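Here the sequence shown is numbered in our numbering, starting from 607 and rising by one per residue.
Even glycine gets a Cβ: it sits at the ideal position worked out from N, Cα and C.
Remember, predicted model here, so these are calculated numbers, not experimental data.
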Amino acid sequence: MDVQKLAADLLPLVGGKENIRSVLHCMTRLRFQLADQSKAQLEAIEKLDGVMGVKVVGAQTQVIIGPNVAEVYKAVTRLTGDLGGDAAPAPSEGEEKQKLSAKLLDTVSGIFAPVVPLITGAGMIKAILTILVVFGLPNDSQEYTILNFIADSGFYFFPVVLAFSSAKKFGCNPYLAAMIGGVLIHPTWTSLVSAGDPVSFFGIPVKLNNYGSSVLPIILTVLFMSFVERFAEKVSPNMIKAILKPLITMAVTALVSLIVLAPLGSYIGGILAEAISFLDQNVPILVPTIVGGIQPFLVFFGMHLAIFPPLQTIQLAEMGYETVCGPGFLAAVLACSGAAIGFGLRTRDKNAKELALSTGFTAFCGVTEPAVYGVIVKYKQIIPAVVLGGVCGGFFAGVFHLKRYAIASPGVPALPTFIGEDPNNIFVAIGTVCIAFVISLVVAYLLSGDKKKSAQPAAPQDADLHPTDTAAAHTLYAPLTGTVIPLEEVPDETFSAGILGQGLAIRPDDPTVYAPFDGTVIQTVDSKHAVGLRSADGMEVLIHVGIDTVDMNGQGFTLYCKEGDTVRRGQRLLTFDPKAIEAAGHPTVTVVIVTNSDDYQAVTPLKIGPAAAMDPVLTVGG
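(1) When the Cα atoms are used, what is the spatial distance from Ile-786 to Ala-773?
(2) Comparing C-alpha positions only, which one of His-1135, Lys-661 and Val-1209 sits nearest to Ile-1153?
(3) If you draw a straight line from the C-alpha of Lys-984 to the C-alpha of Phe-967, how long is it?
(4) I think Val-981 touches Leu-961, with their Cβ atoms under 8 Å apart; what is that distance to the nearest whole Å?
(5) Note down the Cα distance separating Lys-840 from Thr-855, rounded to an integer number of angstroms.
(6) Check this for me: beta carbons of Arg-1140 and Gly-1125, under 8 Å apart or not?
(7) Thinking Val-675 and Arg-635 are a contact (beta carbons under 8 Å), I'd like their distance in whole angstroms, please.
(8) Comparing C-alpha positions only, which one of Tyr-817, Ile-849, Val-866 and Cys-778 sits nearest to Glu-835?
(9) Express the C-alpha separation of Thr-1194 and Asp-1115 in angstroms, rounding to a whole number.
(10) With Val-1197 and Val-1127 assumed to form a contact (beta carbons below 8 Å), what rounded beta-carbon distance in angstroms separates them?
(11) Exposed or buried, Arg-954, counting other C-beta atoms within 10 Å across all chains shown (16 or more means buried)?
(12) Quickly, what does DSSP pair Leu-640 with across the bridge? List them, please.
(13) Would you please state the rounded distance, in angstroms, between the beta carbons of Ala-1217 and Val-1090? I believe it to be under 8 Å.
(14) If you reduce the DSSP assignment to three classes, tell me which class Ile-737 lands in.
(15) Along the beta strand (DSSP E) that carries Phe-1108, what are the first and last residues, could you check?
(16) Specify the secondary structure class of Leu-1148 as computed by DSSP and reduced to three states.
(17) Can you have a look at Val-889 and say buried or exposed, based on whether 16 or more other CB atoms are within 10 angstroms of its CB?
(18) Hey, Cys-942 and Val-897: beta-carbon distance below 8 Å or not?
(19) DSSP has Ala-1052 in a bridge; who is on the other side?
(20) Would the region 817-830 count as touching the region 731-748 if we require 3 or more Cβ pairs under 8 Å?
(21) Would you kindly report the start and end of the unbroken beta strand (DSSP E) that includes Ile-1091?
(22) Between Ala-769 and Val-828, how many whole angstroms is the CB-CB distance? I'm expecting something under 8 Å.
(23) May I ask you to report which of helix, strand or coil DSSP gives Ala-1208?
(24) In terms of alpha-carbon separation, which member of Phe-1101, Ala-945, Leu-798 and Thr-713 lies closest to Gln-666?
(25) Could you spell out where the alpha helix (DSSP H) holding Ala-879 opens and where it closes?
(26) Nearest CA to the CA of Ala-719: which residue from His-631, Leu-782, Ser-806 and Ile-791?
(27) Using DSSP with H/G/I as helix, E/B as strand and the rest coil, what is Thr-667?
(28) What alpha helix (DSSP H) runs, 4 residues minimum, are completely inside the region 724-786?
(29) Locate the alpha helix (DSSP H) running through Ile-825, then write down its first and last residues.
(30) So what does DSSP say about Gln-647, is it helix, strand or coil?
(31) Please state the DSSP three-state secondary structure of Ala-614.
(32) Would you say the region 996-1003 touches the region 720-734, given that touching needs at least three Cβ pairs under 8 Å?
(33) Write down the C-beta distance between Thr-1038 and Thr-1225 rounded to the nearest angstrom, noting that I regard them as a contact closer than 8 Å.
(34) Contact defined as beta carbons within less than 8 Å: I believe Cys-971 pairs with Pro-1019. What is the distance between those atoms, to the nearest angstrom?
(35) Which of the three DSSP states, helix, strand or coil, is assigned to Thr-1081?
(36) So, helix, strand or coil for Ile-1128, using DSSP?
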């Protein structure tokens, strides 16, 4: 992948640098906050080489890249500079109208996405330390002490890191915010908390709480700081603004935080922890079972970072372990792995097999996005396997009250995070892995039988997963999904009489046209309603969407290729709006004809009736 080219191609498609309020990335996605979402050309972005998909979740435009996302992010930021500075552009009108729930999810996701590597890294050091102890490292050794405080620092100083990330999201100074986070864990403050003696500020009582590893106190504090900073900006005279603005911001925010906001956040966090504890004690089966079944779909819509990191961090800080995310995540991740591998073992498509097995292994190690976007979403017949494996594994974890003692990406390498006070806990985790993986693998294998379409994507994408077969060089595959009809039934004499060549027609059920074979684009038109292709051995084919649609002047059509382009079977050529065609008074029937039919002995339709895109529908002999 050429990351520099991808970044350069991507930037104008999101509306240019001036349209980007902020950009960050998680393990597999670029997450753009755009000033005007309507400027994002989603279909064009999805077509870019290296892009696995595009999702709009709340105010976020998420571009799914996969494991190379960090390199692409660096390339994007080299072109844009730091877009997460002290202030962000004003929200667009569309953003102002955004639902509160969507805004909340977007905000939490934007705060936690950048800190996920910190949580994962600290958790994995804890996991390694646990393994070392099992193999004989004394827990009172200097080696243990050093590794332990390295891991603990990631969580102890979490308010500082979270303050910085929150400030980027709320559009205020991240360095001042980090300083405020430091106030909550300052050694003097922790000494006051340890002493337990009453503390007041000019007669105002100050509640003593330990804010190390906390979440809500600093988020509420930084949100408040964003308003204080704007107020300070307005009231500070220009001559002394450089001095007065940070003074007002720091002093007011720190005092209000210690007296009001941090205790309030701690109180709310305590309520959440108690609610989690209630579920944990009374219905321990419920949460991991549900999470095991739905987690892959939350990943698909990019919602997992908004929902789970705060909950698991709060529970871990309060109880020393967590049961909300880890058990269900473990089941869901291994279910994705098993389903992808099961499909890969059964399919006879070489490229699809390689993709499924490689992404299945990646999911086995804890990163599911490549499997979700590259296999599960495309080959929808295996979705039941993913759900069933995740639910069964989560149910097993819930029955035996599985606990996770550190946060890490929940794959097999992170199993040591389940080693804790209960010696049987790790065996429950292993059982969860086995159940989720085996069930999903077996079910996916059975659902991926050698039916004609079992190895075809449910919805073909730009990537071609069908290798060229010389023996099938004169086979045409359906360029779109719909109902195949004889050419004679086309309501246009030029086509129905075979004047332009022999072939067939399709009444479309889906508005996307794909290349029916490997070849070269030899003709396009300004009206974008038709494409001419030539195969390597000289077969020429015209795909014409609608009848008399040339007079629409391209309205309702989007073309994804140009003359001279080399295309592969399954590659998207154009999309159209059926309603727009019908509103213009034209039939939507799509004609597929071999324009040099006279060069062949026979042009024979293989089927009449329903057909999915990439089903073989026509043979050209001679």
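Per the coordinate set shown:
(1) Taking the straight line joining both Cα atoms gives about 11 Å.
(2) The shortest CA-to-CA distance from Ile-1153 to any of His-1135, Lys-661 and Val-1209 is the one to His-1135.
(3) Distance from the CA atom of Lys-984 to the CA atom of Phe-967, rounded to whole angstroms, is 18 Å.
(4) Cβ-Cβ separation between Val-981 and Leu-961: approximately 6 Å, consistent with a contact (criterion under 8 Å).
(5) Looking at the backbone, the Cα of Lys-840 and that of Thr-855 are separated by about 12 Å.
(6) The answer is yes: Cβ separation under 8 Å.
(7) Contact flag correct, Cβ pair sits at about 6 Å.
(8) Residue Cys-778 holds the alpha-carbon nearest to the alpha-carbon of Glu-835 among Tyr-817, Ile-849, Val-866 and Cys-778.
(9) Spanning the two alpha carbons is a distance of roughly 10 Å.
(10) With 8 Å as the limit, Val-1197 and Val-1127 do not qualify as a contact, their Cβ atoms being about 17 Å apart.
(11) With fewer than 16 other CB atoms across the displayed protein chains lying within 10 angstroms of its CB, Arg-954 is exposed.
(12) Per DSSP, Ile-626.
(13) About 5 Å separates the beta carbons of Ala-1217 and Val-1090, which is inside the 8 Å limit, making them a contact pair.
(14) Three-state DSSP puts Ile-737 in a helix.
(15) A small fix is needed here, since residue 1108 is Gln in this sequence, not Phe. Its beta strand (DSSP E) spans residues 1108-1114.
(16) In the structure shown, Leu-1148 sits in a strand (DSSP, three-state: E or B).
(17) Exposed, by the Cβ-count rule.
(18) Val-897 sits away from Cys-942, with the two beta carbons spaced by 8 Å or more.
(19) Note on residue identity: the sequence assigns Leu, not Ala, to residue 1052. According to DSSP, Leu-1052 bridges with nothing at all.
(20) With the cut-off at 8 Å, the region 817-830 and the region 731-748 do not touch.
(21) Counting along the chain, Ile-1091 sits inside the beta strand (DSSP E) bounded by residues 1088-1092.
(22) Going by Cβ atoms, the distance from Ala-769 to Val-828 rounds to 5 Å, so yes, they are a contact pair.
(23) It is a strand residue.
(24) Closest option to Gln-666, Cα to Cα, is Thr-713.
(25) Here the alpha helix (DSSP H) through Ala-879 covers 868-888.
(26) That would be His-631, whose Cα lies nearest to the Cα of Ala-719.
(27) Shown here, Thr-667 sits in a strand according to DSSP, grouped into three states.
(28) Complete alpha helix (DSSP H) runs here, min 4: 748-762 and 764-776.
(29) From DSSP, the alpha helix (DSSP H) with Ile-825 extends over 822-841.
(30) In the structure shown, Gln-647 sits in coil (DSSP, three-state: anything other than H, G, I, E or B).
(31) For Ala-614, the secondary structure class from DSSP, reduced to helix, strand or coil, is helix.
(32) No, the region 996-1003 does not touch the region 720-734.
(33) That pair is no contact at about 50 Å.
(34) Cys-971 to Pro-1019, Cβ: 6 Å. Contact.
(35) Strand, per DSSP.
(36) Judged by DSSP in its simplified three-state form, Ile-1128 adopts strand.
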